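Converting from the sequence shown to our numbering requires adding 1 to each position, the first position being numbered 1.
Quick reminder that beta carbons are idealized off the backbone N, C-alpha and C, glycines included.
What you are looking at is a predicted structure, and each value in this text was computed from that prediction instead of being measured.
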Amino acid sequence: MNETQMTATQSAQALFTSLLDEQVHLFAGVSTLSMDDVRQSLYLFCLEHAAGLDAFNPLLGTPKNYIMGRMWGLIERWRPMSSLDDMLSDDHDPPIRQRLPDAMQAPGVEAALIARAQRQTEDQIRDDLELSSRKSLHGLPTAVALVTHCDRPLSEVARRCGKNRWRLRQAVRQQRSGLAQGGGLAG
2 MNETQMTATQ SAQALFTSLL DEQVHLFAGV STLSMDDVRQ SLYLFCLEHA AGLDAFNPLL
62 GTPKNYIMGR MWGLIERWRP MSSLDDMLSD DHDPPIRQRL PDAMQAPGVE AALIARAQRQ
122 TEDQIRDDLE LSSRKSLHGL PTAVALVTHC DRPLSEVARR CGKNRWRLRQ AVRQQRSGLA
182 QGGGLAG
């Protein structure tokens, strides 16, 4: 019987067994879901595909690759959560917030305000450093800046810029002595 004559259930079953034989064992080591949950999810994905209810696009790959990608997404989504067996082995029932994956827990108002303030502070520091870097290079000859700030060899800069090495060395020395005395920053 060819694939066009198969019913959706038979097609799903064939896809499920081929995936089960080939790659489902890969999920066992990394998943916090039980193996039964993995099998049921895989079978559900195969049924959805066979019925044409999923977002599969044949231009982007094979049905096996699509379903395996969905399975890896499911595994990754629930990885931060502790396994159901671990939760049931405790004597008490932990609050529902502890059972949710980290991505689904809503941060408190204080945490959001602190994170926003930290981002603003980091942005301000970054802007100040960029501004001071630009001010320190203001009025500085390009050849001297290449040697002092870009760590280029003096002989290479002199050769490429068509400068006299002795004069360039003197300008670099003067710039460094000005920075050492504190008078080298413009602005």
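Span of the alpha helix (DSSP H) around residue i
i, result
"Ala144", "Thr143 to Thr149"
"Leu75", "Pro64 to Trp79"
"Phe17", "Ala9 to Glu23"
For residue j and residue i, the rounded distance between their alpha carbons
i, j, result
"Leu43", "Gln11", "15 Å"
"His139", "Phe28", "58 Å"
"Cys151", "Pro142", "13 Å"
"Asn66", "Val39", "16 Å"
"Ala112", "Arg120", "12 Å"
"Glu49", "Met72", "13 Å"
"Cys47", "Pro64", "9 Å"
Residues of its chain near residue i, where Cβ-Cβ distance is below 6 Å and the 5 sequence neighbours each way are ignored
i, result
"Ser35", "none"
"Gln14", "none"
Whether residue i touches residue j by CB criterion (7 Å)
i, j, result
"Glu52", "Ala9", "One detail in the question is off: residue 52 reads as Ala in this sequence, not Glu. Cβ atoms of Ala52 and Ala9: closer than 7 Å."
"Gln175", "Thr149", "no"
"Cys162", "Ala144", "yes"
Beta-carbon contacts of residue i that lie in its chain and below 7 Å, excluding the five residues immediately before and after
i, result
"His93", "The predicted position of His93 is uncertain, since its pLDDT is 49 and thus under 50; no value can be drawn from it."
Residue from the options whose Cα sits closest to the Cα of residue i
i, options, result
"Thr18", "Val110, Leu130, Leu45 and Gln125", "Leu45"
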